[in-house]
Amino acid sequence: DQQVKQNSPSLSVQEGRISILNCDYTNSMFDYFLWYKKYPAEGPTFLISISSIKDKNEDGRFTVFLNKSAKHLSLHIVPSQPGDSAVYFCAASVGNAGNMLTFGGGTRLMVKP
Amino acid sequence: NAGVMQNPRHLVRRRGQEARLRCSPMKGHSHVYWYRQLPEEGLKFMVYLQKENIIDESGMPKERFSAEFPKEGPSILRIQQVVRGDSAAYFCASSQVDVLISGANVLTFGAGSRLTVL
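Residue numbers (the working numbering), protein chains in the order written: chain C, 1 to 113; chain X, 1 to 118.
In C-alpha cells form, the structure reads like this:
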C-alpha cells in the first residue's frame, strides 16, 4: 500500500519556465510534508517542508502548496534552472518524526537549457 | 564538517554471504536512521537508532537484518546470508535532536551504499 505517490516518473521543462511536481497521499494522519532533491550518486538533500497547519510555504524559487482536502501537495520551482535537474522525492510523516518518513517514488526533473 | 559518511559506496556479495554497511553521522548528531531504496522505488524506513539503543526497527525485516550504533564508532547495518532481493541502495541519515520529541527536525542523508548481490 503506497501511502505517498508521485504519479509522474519524469518531467521535462525549459529553462526559465515553471516546474510543477505533484504528490498525493492517502494517510490522513500525515501532518508534516517534505521535499528532498537527489542527484545521481548522492544522498537526498532536504529542500523545503510544510506542516499541515499551512497551505503554502515559500523559500526563494521553491514553493510548496498543500491541499489537505484533496490530500495533495505540489512543489513549484520558478524559474527553473538546469542545475535543478535531479530526482525529487516527496515525503510525509506523522508529527515530523524522522523514523516515520514515508517517501514517494520520486519524479525525475530535467530542465533543458 | 564532513557530513554523513557511508562506506563502502559499492559492495558486491554472492548469495549467502554477509554484508556490512557503515555509517558515521554528522558531527554532533546522535541519532541515526537507515533507509533502503529498491530499484525504481522511493526510500523506505528501516531502523532508527541512538547511541547503544534501537529506538524503532519497525521497517527492518525480521530475519537476517540487524543494526547497531555503538558508543564508539559508526553505525553498522548487517545483512546475513544475502539474497538477490537485498540488492538496493542503503541510505543512512542523521539528526541532532530527538525527533520523537522535537517538533522541528530535518534528516541529513549520506550518499548511500549500493549493494549488489550476485
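All residues carry an ideal CB built from backbone N, CA and C; glycine is no exception.
As the structure is a prediction and not an experimental result, all values here were calculated from the model.
Item	Value
Taking just the CA atoms, how far does residue 31 of chain C sit from residue 118 of chain C?	Only positions 1 to 113 of chain C appear in the structure, and residue 118 of chain C is not among them; the question remains open.
Grouping DSSP H, G and I as helix and E and B as strand, with all else coil, what is residue 103 of chain X?	Bear in mind that the predicted position of residue 103 of chain X carries a pLDDT of just 48, short of 50, making it too unreliable to give a figure here.
Straight-line CA distance for residue 105 of chain C to residue 41 of chain X?	5 Å
Can you list the beta strand (DSSP E) stretches of 3 or more residues lying completely in the region 55-100 of chain C, in chain order?	56-59, 62-67, 72-77, 86-93
At 9 Å on the CB atoms, spell out the chain C contacts of residue 111 of chain X, in chain order.	41, 42, 43
Expressed to the nearest angstrom, what Euclidean distance is found between the alpha-carbon atoms of residue 64 of chain X and residue 80 of chain X?	5 Å
The beta strand (DSSP E) with residue 15 of chain C in it runs from where to where?	Run containing residue 15 of chain C: none; DSSP gives neither H nor E here.
At a CB-CB cut-off below 8 Å, which residues of chain X make contact with residue 75 of chain C?	Near residue 75 of chain C there are no residues of chain X at all, since even the closest Cβ is about 15 Å away, more than 8 Å.
Listing by chain order, which chain X residues have their CB less than 8 Å from the CB of residue 30 of chain C?	Under the 8 Å cutoff, chain X gives no residues; its nearest Cβ is about 14 Å from residue 30 of chain C.
Helix, strand or coil: which one does DSSP assign to residue 86 of chain X?	helix
Within 10 Å of its beta-carbon, does residue 37 of chain X have 16 or more other beta-carbons around it, so buried, or fewer, so exposed?	buried
In three-state DSSP terms, what is residue 69 of chain X?	coil
Looking at residue 82 of chain C and residue 111 of chain C, is the spacing between their C-beta atoms short of 7 Å?	yes
Would you check whether the ligand ATP has a heavy atom nearer than 6 Å to the C-beta of residue 21 of chain X?	Absence of the ligand ATP from the depicted structure is noted, as is the absence of any ligand whatsoever, leaving it without description.
Determine whether the Cβ of residue 43 of chain X lies closer than 7 Å to any Cβ atom of chain C.	yes
Using a Cβ-Cβ cut-off of less than 8 Å, list which residues of the region 67-87 of chain X approach chain C; keep chain order.	none
Roughly how many angstroms separate the alpha carbons of residue 152 of chain X and residue 7 of chain X, rounded to a whole number?	Within the shown structure, residues of chain X are numbered from 1 to 118, placing residue 152 of chain X beyond reach of any answer.
Please classify residue 103 of chain X: is it buried, with 16 or more other beta-carbons within 10 angstroms of its beta-carbon, or exposed?	Confidence in residue 103 of chain X is poor, its pLDDT being 48 and thus under 50, which makes the residue's placement too unreliable to answer from.
Counting contacts by CB-CB distance shorter than 7 Å, is residue 91 of chain X in contact with chain C?	yes
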